[in-house]
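K.L.:
Chains as they are written, first to last, in the numbering used here: chain A, 7 to 338; chain B, 7 to 338; chain C, 7 to 338; chain D, 7 to 338; chain E, 7 to 338; chain F, 7 to 338.
There's a structure below that I have some questions on.
Protein chains: 6
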Amino acid sequence: MTDYPYPMLDRPDMIWSKQTNKKSDLKVHEWIETLGDKVPDWSGYDVTLLGVPLSKSSISTSAACENPEVMRRAWKSFETYNLDEDLDLSVLKVLDLGNVKQHTTDILQTHENIKEAMASLRTYHPHTLPIMMGGDHSITAMLIKGWKQIHPDERIGILQFDTHFDLRDLKELGPANGTPIRNLIESETIKGKHVHNIGLHGFFNSRALRDYADKHGVCYTTMKKARKQGMNSVVNEALKKLESEVDTIYVTVDMDVLDITQNPAAPAATPGGMYTHELFDAVQIAGEHPKVKAMDIVCLDPRKDVGDMAVKSAVHVMLSFLTGYCRRSEDE
Amino acid sequence: MTDYPYPMLDRPDMIWSKQTNKKSDLKVHEWIETLGDKVPDWSGYDVTLLGVPLSKSSISTSAACENPEVMRRAWKSFETYNLDEDLDLSVLKVLDLGNVKQHTTDILQTHENIKEAMASLRTYHPHTLPIMMGGDHSITAMLIKGWKQIHPDERIGILQFDTHFDLRDLKELGPANGTPIRNLIESETIKGKHVHNIGLHGFFNSRALRDYADKHGVCYTTMKKARKQGMNSVVNEALKKLESEVDTIYVTVDMDVLDITQNPAAPAATPGGMYTHELFDAVQIAGEHPKVKAMDIVCLDPRKDVGDMAVKSAVHVMLSFLTGYCRRSEDE
Amino acid sequence: MTDYPYPMLDRPDMIWSKQTNKKSDLKVHEWIETLGDKVPDWSGYDVTLLGVPLSKSSISTSAACENPEVMRRAWKSFETYNLDEDLDLSVLKVLDLGNVKQHTTDILQTHENIKEAMASLRTYHPHTLPIMMGGDHSITAMLIKGWKQIHPDERIGILQFDTHFDLRDLKELGPANGTPIRNLIESETIKGKHVHNIGLHGFFNSRALRDYADKHGVCYTTMKKARKQGMNSVVNEALKKLESEVDTIYVTVDMDVLDITQNPAAPAATPGGMYTHELFDAVQIAGEHPKVKAMDIVCLDPRKDVGDMAVKSAVHVMLSFLTGYCRRSEDE
Amino acid sequence: MTDYPYPMLDRPDMIWSKQTNKKSDLKVHEWIETLGDKVPDWSGYDVTLLGVPLSKSSISTSAACENPEVMRRAWKSFETYNLDEDLDLSVLKVLDLGNVKQHTTDILQTHENIKEAMASLRTYHPHTLPIMMGGDHSITAMLIKGWKQIHPDERIGILQFDTHFDLRDLKELGPANGTPIRNLIESETIKGKHVHNIGLHGFFNSRALRDYADKHGVCYTTMKKARKQGMNSVVNEALKKLESEVDTIYVTVDMDVLDITQNPAAPAATPGGMYTHELFDAVQIAGEHPKVKAMDIVCLDPRKDVGDMAVKSAVHVMLSFLTGYCRRSEDE
Amino acid sequence: MTDYPYPMLDRPDMIWSKQTNKKSDLKVHEWIETLGDKVPDWSGYDVTLLGVPLSKSSISTSAACENPEVMRRAWKSFETYNLDEDLDLSVLKVLDLGNVKQHTTDILQTHENIKEAMASLRTYHPHTLPIMMGGDHSITAMLIKGWKQIHPDERIGILQFDTHFDLRDLKELGPANGTPIRNLIESETIKGKHVHNIGLHGFFNSRALRDYADKHGVCYTTMKKARKQGMNSVVNEALKKLESEVDTIYVTVDMDVLDITQNPAAPAATPGGMYTHELFDAVQIAGEHPKVKAMDIVCLDPRKDVGDMAVKSAVHVMLSFLTGYCRRSEDE
Amino acid sequence: MTDYPYPMLDRPDMIWSKQTNKKSDLKVHEWIETLGDKVPDWSGYDVTLLGVPLSKSSISTSAACENPEVMRRAWKSFETYNLDEDLDLSVLKVLDLGNVKQHTTDILQTHENIKEAMASLRTYHPHTLPIMMGGDHSITAMLIKGWKQIHPDERIGILQFDTHFDLRDLKELGPANGTPIRNLIESETIKGKHVHNIGLHGFFNSRALRDYADKHGVCYTTMKKARKQGMNSVVNEALKKLESEVDTIYVTVDMDVLDITQNPAAPAATPGGMYTHELFDAVQIAGEHPKVKAMDIVCLDPRKDVGDMAVKSAVHVMLSFLTGYCRRSEDE
């Protein structure tokens, strides 16, 4: 080892041993494992991450496709240790599978890939909790369809944090970012009454959409009402109702649920929206629930971010959710 | 109709019928009517909008003159349907009269035009609720003088949301954006005790101004106090006191009342200010009160906005106020 | 007329007469006619404009789809009178046909629409000069295919201003923004030797692409060489060669040909590129040539613009081209 | 005085008298005195300000060194009169001593200068309350060491508002911005149990740091807990505990304690952080306490600010603290 | 001197002597003298600077009023020594008189102040070369009228660098920033044929304005023509023609003459405009001419600047002009 | 291989073979090799790259330390093939050694590391051409000292592209970014007459510095003079003079030599500076010269960049230089 001519450079064969020495105190990017140049041993993971970099399906131009990479770059700002709860996420073993393949011009092919990705996930390691980093909201329909394909008899419920119903007309828009929930209802993948949406706003959802929601029994709590009642109470109520009716609860977080002054990177966000600490508490509660089995985070366009505030919130959503999940394991 | 050569373009003579078909489900820009190329039938409108694009009267350079156009462009992001209240604003008939004429170099002439605009409004269709989109705060003095000119016997009260008293010295500054309330008091258009200002801050109003306020009986609640007492309670108290003393309450919203972190487009906004959801609730309460007869929204400089967050808040203020107004009609 | 109650507002029925009075002195937005609510009389127009707002086909996320609207908004900053040449573009009659219909998720359908738009244009008013506002460069292949469909026996040449060959592999990317020229060659719409590309850069085109270009006889002049020889001389030579071999010359301007320091809105632009005054001169020369029959302007993403510099350059390209076209008419 | 040839310019010898005439109504920049071209009479001041423009010691590149100048420029936006409390800060006599000398390349020399500055302050006018404008957090260790040098027998406590412990390893980083509290503990300047940190976050402090904190008895309240308990209650409790154990309480405000959506200028700020009005209340309470004898404000990088929102918050922190200090004097 | 207690602070009474010691090597801000707190001895100055912070007279909202302060702040980036010419500007004695008083709402009063400022300048120290920092172009009319008031028999010529004629209709706009040259012609302050404008663009001046220019004999060279002929040759020709017909040549530099890609801070700048090094050469040549007796720099809005590039160009214009002026003195 | 469960993900063990297949057509990031997890075989490389991320030594705060990483990220936008010269840089074997170790607080230690890095480079593989990515200009002094340490008898000359002399006083500033050339002269590492600086500006270098330059025989050509004479001619002359007097020519490119309108990321850049295509030509000529043996690129702060224009220029400088170097090899 003495003949390495660059004492002032990090010697490459020393880097690994240095890293393993500090195992007990990790940053998030040191903790989450990625696919190297070998097929890994799949067993033993608790959580799988999947990037879904599709935003060509957005009604307005969006660079939400850049979000998975930007979230990964932001991991290095976070510890695995959660001081608030005295709990270290590194007890979980997490594998980042990379990104679903994208076709440059054929969105439906990409959608098919997304569905297949979830189907493979459920086939090959169904014991893991998958977290998907979008992309826009169109991916949620494909992910849940992929799930259903492997578990055709499960009743699936959705806990949605969103400023919008996402129930717009499939015939007009195709499988775009305004239609995923309707897509799932009309394809009979889920039932409308098994959706609970928290954070909707006045002035950003038409009456026709509310009529559609009512007709199909979709449940919802507007942001104004949630603020009066208290976020935690609203989330607990929604989970209680869903747990009696479904086998699996899928959580979908559209980042435009946040107040636009706290999330400039979601152009469809609105003033008067949810605050970040409210959202973190909400997903942590959801993460604790034993029937909650997957989450996605969508519709964040990093090019519009200011000082990385939005992408840091997105990473925090993921970590708060996993905090809840750890708690669940403790309880069991 | 079959010989139109562009199947992939929107056929122009089909646009209108398409729009009328969806009457029941409107975006704000489809709902608000504008002056076409004919003088309209004035009767039958409930609300009139007026742009007042003057900001040359601002002490610091401001592009608040661009605000009316920017607010109009933002209408298309809003539905008329308010999910929070299950109420559709499109039951109201609203006419946008366009903008008051501006002189390039003669501010006093422009001020005269503003006064005359309000006087004409009150003469030709006094049954409508006028909402004015500023411009800077100097316009409020002219608008209320125009009102008074037609209704000389009315006692007018002002409910002001503002970080500042706007009582600065007329002799030093002329009719600028720091002086409108003093202008109205000194011209005996209103009485000081008929003004109630909510949202004032420590460190942004001199003692001399407070002394002037006290001497003329101007009422006020600082933001710090309003936060402790609760915004809704403060607004209700202010309205109760004003209703016993005046015939007409004019609401003026200086957008700098918002916290600067939620409104970068109002350079005179401060940290520690009002939050958007508090302001929306406040103007909705005001809109319900039967003596409230007009509102203006001022001092928003769109060039300093970030991600349109401030202009969306301004439009929301207008829509929340009209939500209250709809409620009032229901009650009657 | 005396009973109009708002002397300080612009009387709506007076606006038209005011505009017609100043016919001789127009801004570009007052000159270019748009489709109203009737199908117009198609005859009598010299130039047709078409917006092609497609940029989902871009390899990297792009908002070039917003460019047609942004260019239209910028028209009001330009006079029709060109002081440099003492020539008024308003002698031409120009019709803006609007935008080609876009499908939210099916790019190939949108491509079909674009082709059909050009085919309709050539069928119904072949006497006009079409100018297309993109969108990304994938549209050029569709536009020329639409032309060819109606004029199957015409030999079409391309004068291209571009930093790149745009000859990338169709099989890998599909009809994306890096492949339009190859698409046209492989579909035998044009011949490689009938393409002349000006402005290519070292380091931004692979050797494989140059080999492909050489094999198919594509002509090109790099920016470095054009700078040494003089832009006007290069353009005149290219036109002279093309005029002897083809019936129709189509001009395509990829705005990334400009130096990135003069065009931040084209992310694929490079340092060391063309300067705006060089490009304006180049397209004016092209516009004068009798075989030049169409032009498109592509790959400008307005969200990345700084102070509207790039969009103003795009409008200037269009007006410089029309200046050449006017000259041509004078010569005839 | 009549022969001054420029009636339209401000006559220089009149500026001072004009300013003195309005003594009773001052802006902050008119109130705070600066060193002129003479050594002043030191006695009679209540408060001394010191700029400490060092941020080369930051782990990530920071321009916090520009903060003292930017804060000074922002003074002119603030009145000395605090309307919330009907209290005028101008009863205090405040002297701005300027900035501590910086060496371009030798950080340890600059650190020595900072320590000496505080030592001189305590030697020559110990009756004043010093407020330091950083700079990054490394300065706090030097300032407190300077204090200790003059008052070796005092027990010093620290009330810290911070997202981080600032207890990182000195051996690895040297006296950087992540290590000041550890520096003070290891040099036995203070005891760990005499530090109370409010505003810490989960995910931004490693377990090793918490273990270090626990081992040395450092007290802390996370932001999540503070939000539940109420900020004012937390601050009062911390002061009560400290007052029984120490002689002097030093307040250090790391501006990254603020929520990143309210403070884009502190790159280490996080979502879910403290809101500005909570921080203003907290430091005002601290300012009232008789054992609180100094404060610093650190880690604000003005180059990342948006619309001056962060720098205005920093000035407000200083003025809120002085408001508390005035109250204290009233009580005595 | 040994009892100064802060060895690490700059001792205030030492600052002056330190500065005077380095007299031979100055930054521009150390060289230009400002009015202190005494009326100075007026004699002995070569150059006087005057800030004219008026931009309320601009047709579009402008913050050009902030330009004088921003230019002053940028002085510290420049040496007085011009290496290109081996010439030190500090041989000139320059006095900055400060800014002309502004009225908040009465533009005509401010215009009167500007005229009076120039009249006083010519009365009290006519031996100095005045340089005015605008403000918008409306100020040029007032400054030349003030000059004419004191020198009624002088024939005044104007060398104008501008993208526009600035000959718009006074009756429509009043004395705004689009009308100064027409204002001077119609008030018979100057003759049209004594104006030479360099840098005009096609598409940014209407035919009506060109007709007006031709009718009054205004001379001009478009940018396109100047680029072909060479800038220095054009300027020399213009000066030669003017020197035979007038007594005094006033240079006015509208910063929008620069290419918009080199000057984002002048929103009316255009692509294809003048480059900075061409403008610096042009004003240096003008500065050498013995009949050139004043210059103004107008229409730069610092809020739109990027990285201070435009304000640095404005300062460089002033210094290049003074370089010419020094040369002239050498020649005499 | 058939049992890999994710057909829509890139199979990790397939990535390498895919990459090797396309060897003949590379992007710059695919071509340049980096240190993997083994010590490589050092022989066989033509060029070595070294990141020197030090900017704490800058007089004004700079994030030029981030430049090496930002340049590396930008490689993927460039082909190795240079179409202008029909030459593929991939004939060269290039190794990126990574970054020189930085100490958080001890700049002199970091400087020592930099010197040692160059000394090691010259000891272990003196046959390679080193290119250093700064960092600020202080690194140049250390790099050349490291070179000299290994080759004590070589006479070293410097070809400098810079707006400034960089001859400021070492005693005042230490080894900062304003002093490297003086540092080298005073330490007798080089002789003043062996420095030739191209691109200096009037107004940005004091007379004292010119006097120092003259006294030590430093050669220079101002930008104004270079523009008149032609850049290529100036560079050739400088090389001719140096080749007769020295053994080794070191090229140092301070990116502030570029016009500020083409390089907002170099805050010390000025208007009237060099254009990118001029700089690219200049370094290509230098690269061809057989005595040119190293180059550095310094003083680019990526945080101030606009649309990556500056970082792309920096990468282009490196590639243009290597183009010249390839040519040289061809000639031999």
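Note that beta-carbon positions come from the ideal geometry of N, C-alpha and C, so glycine has one too.
Are the beta-carbon atoms of D:L165 and D:V304 separated by less than 7 angstroms?
P.N.:
Mapped onto the fourth sequence, residue 165 of chain D falls at position 159. Mapped onto the fourth sequence, residue 304 of chain D falls at position 298. No, the pair does not count as a contact, with Cβ atoms beyond the cut-off.
K.L.:
Is it true that the CB of F:L56 sits closer than 7 angstroms to the CB of F:M138?
P.N.:
Taking the first residue of the sixth sequence as position 1, residue 138 of chain F is located at position 132. Taking the first residue of the sixth sequence as position 1, residue 56 of chain F is located at position 50. Yes, the pair counts as a contact, with Cβ atoms nearer than the cut-off.
K.L.:
With 7 angstroms as the limit, tell me which residues of the stretch 82-115 of chain A have their beta carbon closer than that to any beta carbon of chain D; keep them in chain order.
P.N.:
Taking 7 angstroms as the Cβ-Cβ cut-off against chain D, the residues of the stretch 82-115 of chain A that qualify are F84, E85, Y87, N88, L89, D90, E91, D94.
K.L.:
Near B:E160, what residues of its chain come up, given a Cβ to Cβ distance below 6 angstroms and the 5 sequence neighbours on each side ignored?
P.N.:
Residue numbering aside, residue 160 of chain B sits at position 154 when the second sequence is read from its first letter. Taken in chain order, the residues that qualify are D253, T254.
K.L.:
Between A:F327 and chain D, is the shortest Cβ-Cβ distance under 7 angstroms, so that the two count as touching?
P.N.:
Working through the first sequence from its first residue, we reach residue 327 of chain A at position 321. Closer than 7 angstroms: no.
K.L.:
Answer with yes or no whether the minimum CB distance from C:P277 to chain F is below 7 angstroms.
P.N.:
Against the third sequence, residue 277 of chain C aligns to sequence position 271. Interface residue, yes.
K.L.:
In terms of residues, what are the limits of the beta strand (DSSP E) holding C:F167?
P.N.:
As a first step, residue 167 of chain C is located in the third sequence; it is residue number 161 there, counting from the start. Where C:F167 is concerned, the enclosing beta strand (DSSP E) stretches over 162-167.
K.L.:
Taking 7 angstroms as the cut-off, decide whether the C-beta atoms of E:D265 and E:A272 are in contact.
P.N.:
Counted from its first residue, the fifth sequence places residue 265 of chain E at position 259. Counted from its first residue, the fifth sequence places residue 272 of chain E at position 266. Going by C-beta atoms, E:D265 is not nearer than 7 angstroms to E:A272.
K.L.:
If you measure between the beta carbons of C:S183 and C:S63, is that distance less than 7 angstroms?
P.N.:
Position 177 of the third sequence, counted from the first residue, corresponds to residue 183 of chain C. Position 57 of the third sequence, counted from the first residue, corresponds to residue 63 of chain C. The question names Ser, yet the displayed sequence has Asn at residue 183 of chain C. Cβ distance < 7 angstroms, so C:N183 and C:S63 count as in contact.
K.L.:
Beta carbon of C:H170: closer than 6 angstroms to some heavy atom of the ligand NAD?
P.N.:
By its list of ligands, the structure shown contains no ligand whatsoever, and the ligand NAD lies outside what it can speak to.
K.L.:
List the DSSP bridge partners of F:P136.
P.N.:
Stepping through the sixth sequence from its first residue, residue 136 of chain F is reached at position 130. According to DSSP, which records beta bridges pairwise, F:P136 is partnered with F:T54.
K.L.:
According to the Cβ coordinates, are A:G104 and A:L176 closer than 7 angstroms?
P.N.:
For this step, residue 104 of chain A is matched to residue 98 along the first sequence. For this step, residue 176 of chain A is matched to residue 170 along the first sequence. No; because the gap between Cβ atoms is not below 7 angstroms, this pair is not in contact.
K.L.:
For chain F, find out if any of its Cβ atoms is closer than 7 angstroms to the Cβ of E:F167; answer yes or no.
P.N.:
Locating residue 167 of chain E in the fifth sequence gives position 161, counting from the first residue. With 7 angstroms as the cut-off, E:F167 does not count as an interface residue toward chain F.
K.L.:
Straight-line CA distance for C:V323 to F:I120?
P.N.:
Numbered from its first residue, the third sequence carries residue 323 of chain C at position 317. Numbered from its first residue, the sixth sequence carries residue 120 of chain F at position 114. Using only the alpha carbons, I get a separation of about 50 angstroms.
K.L.:
Listed in chain order, which residues of the stretch 222-236 of chain A have Cβ atoms closer than 9 angstroms to some Cβ of chain B?
P.N.:
Result list: Y226, T228, M229, K230, K231, R233.
K.L.:
A:A124: which of A:P296, A:H109, A:Q108, A:K154 sits nearest, CA to CA?
P.N.:
Counting from one through the first sequence, the residue named residue 124 of chain A turns up at place 118. Per the sequence shown, the amino acid found at residue 124 of chain A is Met instead of Ala. When only C-alpha atoms are compared, the closest one is A:K154.
K.L.:
Assuming B:D102 is part of the alpha helix (DSSP H), what are its boundary residues?
P.N.:
What you label residue 102 of chain B is simply residue 96 of the second sequence in a count that begins at 1. Taken as a continuous stretch (DSSP letters only), B:D102 belongs to no alpha helix (DSSP H), being part of the beta strand (DSSP E) at 100-105.
K.L.:
One question on the structure: do F:V312 and F:P270 come within less than 7 angstroms of each other, judged by their Cβ atoms?
P.N.:
Locating residue 312 of chain F in the sixth sequence gives position 306, counting from the first residue. Locating residue 270 of chain F in the sixth sequence gives position 264, counting from the first residue. Yes, they are a contact pair.
K.L.:
Keeping to the same chain, check which residues put their C-beta closer than 7 angstroms to that of C:P186; ignore five residues upstream and five downstream.
P.N.:
Reading the third sequence from its first residue, position 180 is the one you call residue 186 of chain C. The answer, listed in chain order, is H143, S144, T146, A147, D172.
K.L.:
Candidates F:K246, F:S126, F:A70, F:N189: which alpha carbon is nearest F:H202's?
P.N.:
If you number the sixth sequence from 1, residue 202 of chain F lands on position 196. Here the closest residue by C-alpha is F:K246.
K.L.:
How about A:R213 and B:Y281: do their beta carbons lie closer than 7 angstroms?
P.N.:
In the first sequence, counting from the first residue as 1, residue 213 of chain A sits at position 207. In the second sequence, counting from the first residue as 1, residue 281 of chain B sits at position 275. Against a cut-off of 7 angstroms, the Cβ pair of B:Y281 and A:R213 comes out as no contact.
K.L.:
Over the uninterrupted beta strand (DSSP E) stretch that includes B:G152, give me the two end residues.
P.N.:
On the second sequence, residue 152 of chain B is found 146 positions in, with the first residue counted as 1. Taken as a continuous stretch (DSSP letters only), B:G152 belongs to no beta strand (DSSP E), being part of the alpha helix (DSSP H) at 144-156.
K.L.:
Should B:I150 and B:T195 be called a contact, given that it needs their Cβ atoms to be closer than 7 angstroms?
P.N.:
Within the second sequence, residue 150 of chain B is the residue found at index 144, counting from 1. Within the second sequence, residue 195 of chain B is the residue found at index 189, counting from 1. Against a cut-off of 7 angstroms, the Cβ pair of B:T195 and B:I150 comes out as a contact.
K.L.:
Tell me whether D:H133 is buried or exposed, calling it buried when 16 or more other Cβ atoms sit within 10 Å of its Cβ.
P.N.:
As a working note, residue 133 of chain D is residue 127 in the fourth sequence. Burial call: exposed.
K.L.:
Out of curiosity, what's the CA-to-CA distance linking F:T329 and E:S68?
P.N.:
Residue mapping note: residue 329 of chain F aligns to position 323 of the sixth sequence, counting from 1. Residue mapping note: residue 68 of chain E aligns to position 62 of the fifth sequence, counting from 1. Rounded to whole angstroms, F:T329 to E:S68 spans 47 angstroms at the Cα level.
K.L.:
Jot down the residue ranges of each uninterrupted alpha helix (DSSP H) in the stretch 256-316 of chain E, minimum 4 residues, whole runs only, in chain order.
P.N.:
With a minimum length of 4 residues, the continuous alpha helix (DSSP H) runs that stay inside the stretch 256-316 of chain E are 282-294.
K.L.:
Return the chain-ordered list of same chain residues with a C-beta closer than 6 angstroms to the C-beta of D:G163, the five sequence neighbours on each side being excluded.
P.N.:
Position 157 of the fourth sequence, counting from 1, holds the residue named residue 163 of chain D. So the list reads H200, L248, V252, I255, once near-sequence residues are dropped.
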